[in-house]
Amino acid sequence: MYDLRTYLATKDLPGGPVYIEEQFTAEYQLMNPQITDSSDDRPLTPGRAIGGLISLVLLVGTGVYLFVAW
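For the sequence shown, my numbering gives the first residue as 1, with consecutive numbering after it.
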């Protein structure tokens with residue numbers, strides 16, 4: 001089964017439509033109980049810690065910017 005929404009959005013491209021299998025769509029992954037029941041228990045690595053810190057700084061920076069700009 002293919003994702004119909006992606007096909008309809010890309011059917012008029014010069015290279016032709018883009019086919020994405022249904023199992024790779026976000027809707028399928030959210031509704032699939034085998035995927036949603038798995039927990040993320042991988043150990044914290046330095047890369048994940050740095051990425052999380054950068055994300056937090058960007059989120060706080062955006063909030064401060066919006067607060068000051070208001």
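Just so it is clear, CB atoms sit at the ideal spot from N, CA and C, and this is done for glycine as well.
Over what stretch of residues does the alpha helix (DSSP H) that includes residue i continue unbroken?
i   : result
L66 : P46 to A69
Hey, residue i and residue j are a contact pair by Cβ (cut 8 Å); roughly how many whole angstroms apart?
i   : j   : result
P17 : T10 : 5 Å
Y7  : Y19 : 7 Å
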